[in-house]
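Visitor:
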Amino acid sequence: MSDLLDDPIPGQNTPEYTVSDISGEVKRTLEGTFGRIRVRGEVGRVFTARSGHLYYDIKDDRNVLACTTWKGQVSGLSVVPEEGLEVVVTGRLTAFGAQSKYNLNVDEVAVAGQGALMALLEKRKKQLEAEGLFAPERKKPLPYLPQIIGVVTSPSGAVIRDILHRLRDRFPRKVLIWPVAVQGSNCAPQVARAIEGFNKLTPGGSLPRPDLIIVARGGGSIEDLWGFNEEIVARATAASNIPLISAVGHETDTTLIDFVSDRRAPTPTAAAELAVPVRMELLAWTGEQGARLSRAATDAVQRRSQRLRDLSRALPRPDSLLNTPRQRLDLIADRLAPALNRGVQNRRLQVVELSAHLRPSTLRNLVSTRNEALRNLSSRLSLRPIHREIEQQKQNINRLADRMNAAQATRLDRMRQHLDAADRLRETLSYKATLQRGYAVVRAEGEVLTTKKQASKHSAFEIEFADGLLNTGQPTASPAAPKKSAKKDAPDQGSLF
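Numbered per full-length UniProt numbering, the sequence shown spans residues 1 to 497.
#1: Can you name the start and end residues of the alpha helix (DSSP H) that Ile242 belongs to?
#2: Apart from the five residues on each side of it in sequence, which residues of its chain come closer than 7 Å, Cβ to Cβ, to Pro475?
#3: What's the gap between the Cα of Lys140 and the Cα of Ala239?
#4: In terms of alpha-carbon separation, which member of Leu54, Asn398, Ala95, Thr267 lies closest to Gly32?
#5: Find out if the Cβ-Cβ distance for the pair Ser206, Pro179 is shorter than 8 Å.
#6: Quick check: what's the CA-CA separation for Gly41 versus Leu85?
#7: Which residues share a DSSP beta bridge with Thr68?
#8: Nearest-angstrom Cα distance between Gly76 and Leu282?
#9: For the pair the segment 36 to 55 and the segment 63 to 76, tell me if three or more CB-CB distances fall below 8 Å.
#10: Three or more C-beta pairs closer than 8 Å, one from the segment 418 to 435 and one from the segment 385 to 405: is that the case here?
#11: Pairing CB atoms from the segment 256 to 265 with CB atoms from the segment 147 to 165, are three or more of them under 8 Å?
#12: Give the single residue among Ile195, Gly197, Arg217 whose Cα lies nearest to the Cα of Arg161.
#13: Tell me Trp285's beta-bridge partners as DSSP assigns them.
#14: The alpha helix (DSSP H) spanning Lys432 covers which residue range?
#15: State the DSSP-derived secondary structure class of Pro208, mapped to helix, strand or coil.
#16: To the nearest angstrom, how far is it from the Cα of Pro189 to the Cα of Gln99?
#17: Round the Cβ separation of Phe228 and Val248 to the nearest angstrom and send it over; I've been treating them as touching at under 8 Å.
#18: Have a look at Leu412, Leu366, Gln417 and flag the residue whose alpha-carbon is nearest the alpha-carbon of Asn398.
#19: Compare the C-alpha of Glu82 against each of Val46, Thr450, Lys59 and name the closest.
#20: Determine whether the beta carbon atoms of Pro268 and Ile163 lie at a separation below 8 Å.
#21: State the Cα-Cα distance for the pair Val109 and Tyr56, rounded to the nearest angstrom.
#22: Across the segment 412 to 420 and the segment 437 to 457, are there enough close Cβ pairs to call them in contact, namely three or more that are closer than 8 Å?
#23: How long is the line joining the alpha carbons of Lys452 and Asp330, rounded to whole angstroms?
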């Protein structure tokens, strides 16, 4: 029976193909006929597989073309397909025999027209704004004078030269340059990595972390600047912990990074002006503030000096302030010696009176009298307990008498010591010690003479020296004294000539 099946049916000469033969032939026919082609259409369903491959559809109003971009080709796309975006895709048409389907392997995607780019830009802008990436409260203030400035730009363009030249003119700072592509498919990922790389640097390390980042590029068309409209760049800018200035394009050019950055500069040169102040203006301002401070300090010192002089004129002279205390001191000094003498004499009298009342003989007589009285009382009593109590009282009295005698002797010794100390103090403060040093006291009629005016009223004096008294008659006056007295007492006789 198997032989019957293997024999060809008479009259049929059509060759037989396997499924793989047909699939391979179709694939070769498609690839050979069309080769590398460009297709324009609207992006439909977009699906990213876990493997990283990108699957999406390109459609018009009647048909759909399946497109595939492999994982290794995705990073080379200048525009990532998004649903509803009108694009022009470039690739090779091929077939997938396992599902009897054909598709386009796309390695390049471009937006079809500037209107489509603007529509995509507006869509991304609304999305990021809804997430709060444009909110003013999340923008960080720029440092007043950054020590290190990081610049993300192309190292070979005129932009970096303009920035360095402007920084050198205003306030020279250390600049770290992170070279990137500023247009094309590599622009967005490189700029995003540069911003993240600056943020990962260690502050104060061998390659220090910058205090400010400038992302700069010159002017161009919307296609040239499209890398700065990519979502990856906007999110990297929003996540930066370092304040960031965007300076992309000219003043009329606007990209998404301008809305997310902490500050937008219309040109790269303006970004350098925003980054640092003018050094000469700071020096001039510092000098002016220093001069104002010096003038203010000088004026304050002068005002206080004038105020001090005004107050000093209202104060009395030091001599007038000391006159009254000096007089009080003299009066107290004159009263000191008599007061000490009287104090010593009064205390001597008190000691004598106290010693007369507290003599040991008086105490002994008092004790004897009490003992005699006790003996009389004991003879009248016959109860033994009373005798014992009396004996105990007698012993107590004897002890008290002994203690009183000892206390009296101690008190007398202490008072004698106080008296001797007071007498020594009196001798020390007495004027007689002054006489030992060669001074003398002049008296007349019992009054101490301290001035020449007082002495001129007496004719006899008593002079006390350290070794005794000396009485004198009429004192010898100086030659000038009689003349002054004569001029004062004699009447005016007039002149004979």
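Note that CB positions come from ideal geometry on N, CA and C, so glycine has one too.
Guide: Inspection of the coordinates gives the following:
#1: Ile242 -> no alpha helix (DSSP H), and no H or E assigned at all.
#2: Residue placement at Pro475 is poorly supported in this model, since its pLDDT is 45, which falls under 50; the coordinates are not used for a value here.
#3: When rounded, the separation of the alpha-carbon atoms in Lys140 and Ala239 is 11 Å.
#4: Ala95
#5: no
#6: 8 Å
#7: Tyr55, Asn105, per the DSSP bridge assignment.
#8: Those two C-alpha atoms are separated by around 48 Å.
#9: yes
#10: no
#11: no
#12: Arg217
#13: For Trp285, which the question treats as bridged, DSSP gives no partner whatsoever.
#14: 431 to 436
#15: Reduced to three states, the DSSP call for Pro208 is coil.
#16: When rounded, the separation of the alpha-carbon atoms in Pro189 and Gln99 is 35 Å.
#17: 5 Å
#18: Leu366
#19: Here the closest residue by C-alpha is Val46.
#20: yes
#21: Straight-line Cα distance between these residues: approximately 12 Å.
#22: no
#23: 19 Å
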